[in-house]
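Enquirer: Numbering (our numbering), first residue to last: 75 to 436. Glycine included, each C-beta is placed from N, C-alpha and C at the ideal position. Here's a structure for you.
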Ligand code: FES
């Protein structure tokens with residue numbers, strides 16, 4: 075199975091370029107490109123990220139995995155080449171995508187990986203190139219790119235080539251401003267089919283929720299919907315949120331708008347904005363205090379209570395939880411007037427103070 079696809083070397087790369095061009099054309103024809111608020115810095119990050127990933131990082135990793143495999147486990151070279159294409163493709167895609175799910179999730183839960191993945195979430199509008207904006211080192215560590223090299227070494231070149239095409243179609247489609255799924259939810263006989271579709275592959279609605287700025291809108295879940303090609307991992311591991319709606323605001327709360335060299339080359343280059351997470355010496359301090367805060371609300375008023383203990387606007391979330399395993403709690407005020415909100419994060423009835431702070435040595 076190590077013959078190139080249809081006998082054409084690098085056919086998958088040409089097809090992926092074609093998919094990008096197709097979505098670029100759709101976005102242009104829909105008027106999104108001319109109305110885009112994207113800056114030169116955004117374009118440099120996205121187009122540059124795409125070029126470096128496609129023509130340098132990926133070929134380098136695939137080559138290294140191939141050479142490493144030949145040196146360490148030569149007997150396995152080509153060992154799966156007799157497996158028929160369809161089962162090989164399914165196995166390749168499932169392994170690839172579950173690896174990427176966990177890497178992506180860790181990119182939100184661990185501080186260093188978050189700083190590498192953060193440029194992806196600084197995009198304030200979606201687009202065909204957005205999936206390529208991460209720090210360069212994020213790609214070097216990406217396990218599923220290494221899996222591409224291993225799968226080719228094992229003899230699965232055709233499965234890899236077809237898999238890459240299918241996967242890029244889903245990923246670029248879920249990042250594009252052309253929300254292909256949106257009109258389908260409203261068609262009575264297609265809507266049930268879409269229920270099945272969205273529970274298998276990642277749709278624009280599912281992925282836009284991941285890019286939403288804040289959970290306060292009831293649609294967004296930046297700390298969920300981590301799937302790349304398949305949404306099944308989010309359902310299996312408890313991080314899925316299906317609403318079929320699209321967030322109004324995308325991007326990061328309190329985004330310091332780092333320049334692109336810092337965003338792309340972090341940690342080699344750091345931000346010149348002292349308030350930025352990727353500035354030299356920046357520390358996310360623990361901001362919990364024992365005493366609760368009295369806050370004024372209207373009954374039912376929505377707010378995000380900080381769960382991580384790092385917000386600089388306690389007791390409310392200010393987005394500082396990125397890079398931790400916590401996410402805020404979306405609350406509705408239980409009545410009008412002053413309510414005591416917990417600041418020690420020990421309460422058993424969040425977000426309200428239950429006097430747990432009086433029973434701790436903290
Ligand atoms: S800042 Fe968002 S949960 Fe703490």
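By alpha-carbon positions, which one of 274, 196, 122 ends up nearest to residue 330?
Expert: For the purposes of this step, residue 330 is taken as the residue at position 256 of the chain shown. Comparing Cα positions, the closest option is 196.
Enquirer: Can residue 392 be considered in contact with ligand 1, in the sense that its beta carbon sits closer than 7 Å to one or more heavy atoms?
Expert: Position 318 of the chain shown, counted from the start, is the residue given in the question as residue 392. Checking the Cβ of residue 392 against ligand 1 gives yes.
Enquirer: Just the C-alpha distance for residue 192 and residue 210, rounded to the nearest angstrom, thanks.
Expert: As a working mapping, residue 192 is identified with position 118 in the chain shown. As a working mapping, residue 210 is identified with position 136 in the chain shown. Looking at the two C-alpha atoms, the distance is approximately 12 Å.
Enquirer: Can you tell me whether DSSP reads residue 376 as helix, strand or coil?
Expert: Position 302 of the chain shown, counting from 1, holds the residue named residue 376. Residue state, collapsed to three classes: strand.
Enquirer: Could you check the C-alpha separation between residue 235 and residue 183 for me, to the nearest Å?
Expert: To locate residue 235, count along the chain shown from 1; it is residue 161. To locate residue 183, count along the chain shown from 1; it is residue 109. Roughly 31 Å between the two C-alpha positions.
Enquirer: According to the Cβ coordinates, are residue 276 and residue 304 closer than 8 Å?
Expert: Position 202 of the chain shown, counted from the first residue, corresponds to residue 276. Position 230 of the chain shown, counted from the first residue, corresponds to residue 304. Contact: yes.
Enquirer: Measuring CB to CB, does residue 237 end up less than 8 Å from residue 154?
Expert: For the purposes of this step, residue 237 is taken as residue 163 along the chain shown, with counting starting at 1. For the purposes of this step, residue 154 is taken as residue 80 along the chain shown, with counting starting at 1. No, these two residues do not count as a Cβ contact at 8 Å.
Enquirer: According to DSSP, is residue 241 part of a helix, a strand, or is it coil?
Expert: Mapped onto the chain shown, residue 241 falls at position 167. Here residue 241 sits in helix by DSSP.
Enquirer: Quick one: complete alpha helix (DSSP H) runs, 4+ long, within the segment 262–337?
Expert: Complete alpha helix (DSSP H) runs here, min 4: 265–272, 278–285, 306–310.
Enquirer: Is the separation between the beta-carbon of residue 250 and that of residue 120 shorter than 8 Å?
Expert: The residue given as residue 250 occupies position 176 in the chain shown. The residue given as residue 120 occupies position 46 in the chain shown. For residue 250 and residue 120, no; Cβs fall outside 8 Å.
Enquirer: Output needed for residue 397: all residues of its chain with C-beta closer than 6 Å, excluding positions within five of it in sequence on either side, in chain order.
Expert: For the purposes of this step, residue 397 is identified with residue 323 of the chain shown, where counting begins at 1. Cβ within range, chain order: 185, 188.
Enquirer: If you draw a straight line from the alpha carbon of residue 341 to that of residue 239, how long is it in whole angstroms?
Expert: Stepping through the chain shown from its first residue, residue 341 is reached at position 267. Stepping through the chain shown from its first residue, residue 239 is reached at position 165. The alpha-carbon atoms of residue 341 and residue 239 are separated by roughly 31 Å.
Enquirer: To the nearest angstrom, how far is the alpha carbon of residue 181 from that of residue 190?
Expert: Your numbering for residue 181 matches position 107 in the chain shown. Your numbering for residue 190 matches position 116 in the chain shown. For residue 181 and residue 190, the distance between alpha carbons rounds to 8 Å.
Enquirer: Within a Cβ cutoff of 7 Å, which residues of the same chain sit near residue 205, ignoring the five residues on either side of it in sequence?
Expert: Numbered from 1 along the chain shown, position 131 holds the residue referred to as residue 205. Within the same chain, residue 205 has close Cβ partners 245, 246, 249.
Enquirer: Where do the N-terminal and C-terminal ends of the alpha helix (DSSP H) with residue 122 fall, by residue?
Expert: In the chain shown, the residue the question calls residue 122 occupies position 48. Where residue 122 is concerned, the enclosing alpha helix (DSSP H) stretches over 114–126.
Enquirer: Are the beta-carbon atoms belonging to residue 327 and residue 294 less than 8 Å from one another?
Expert: Counted from its first residue, the chain shown places residue 327 at position 253. Counted from its first residue, the chain shown places residue 294 at position 220. No, these two residues do not count as a Cβ contact at 8 Å.
Enquirer: How is residue 155 classed by DSSP in three states: helix, strand or coil?
Expert: Numbered from its first residue, the chain shown carries residue 155 at position 81. Looking at residue 155 - three-state DSSP - the assignment turns out to be coil, as it is neither helix nor strand.
Enquirer: Taking three-plus beta-carbon pairs below 8 Å as touching, is the segment 218–225 in contact with the segment 166–180?
Expert: Touching, per the Cβ criterion.
Enquirer: DSSP three-state call for residue 401: helix, strand or coil?
Expert: Residue mapping note: residue 401 aligns to position 327 of the chain shown, counting from 1. Coil.
Enquirer: Does DSSP put residue 215 in a helix, in a strand, or in coil?
Expert: Mapped onto the chain shown, residue 215 falls at position 141. Residue 215 falls in the coil class under three-state DSSP.
Enquirer: Please confirm whether any heavy atom of ligand 1 lies closer than 7 Å to the CB of residue 144.
Expert: Numbered from 1 along the chain shown, position 70 holds the residue referred to as residue 144. Not so, every heavy atom of ligand 1 lies at least 7 Å from the Cβ.
Enquirer: What I want to know is whether the C-beta of residue 356 ends up closer than 7 Å to one or more non-hydrogen atoms of ligand 1.
Expert: Along the chain shown, one-based indexing puts residue 356 at 282. No, Cβ of residue 356 sits at least 7 Å from all heavy atoms of ligand 1.
Enquirer: Is the Cβ-Cβ distance between residue 285 and residue 216 less than 8 Å?
Expert: Taking the chain shown and counting its residues from 1, the one referred to as residue 285 is at position 211. Taking the chain shown and counting its residues from 1, the one referred to as residue 216 is at position 142. No; because the gap between Cβ atoms is not below 8 Å, this pair is not in contact.
Enquirer: Would DSSP call residue 432 helix, strand or coil?
Expert: As a position in the chain shown, residue 432 is number 358, starting the count at 1. It is helical.
Enquirer: Quick one: what's residue 367 bridged to in DSSP?
Expert: In the chain shown, counting from the first residue as 1, residue 367 sits at position 293. Paired residues: 415.
Enquirer: Mind checking which residues open and close the alpha helix (DSSP H) that includes residue 138?
Expert: Position 64 of the chain shown, counting from 1, holds the residue named residue 138. Segment 132–146, the alpha helix (DSSP H) holding residue 138.
Enquirer: Taking the alpha carbon of residue 369 as the reference point, which residue from 202, 259, 426 has its own alpha carbon closest?
Expert: Walking along the chain shown from the start, residue 369 turns up at place 295. Ranking 202, 259, 426 by Cα distance to residue 369 puts 426 first.
Enquirer: The alpha helix (DSSP H) with residue 150 in it runs from where to where?
Expert: Numbered from its first residue, the chain shown carries residue 150 at position 76. That residue, residue 150, is in no alpha helix (DSSP H); it is neither H nor E in DSSP.
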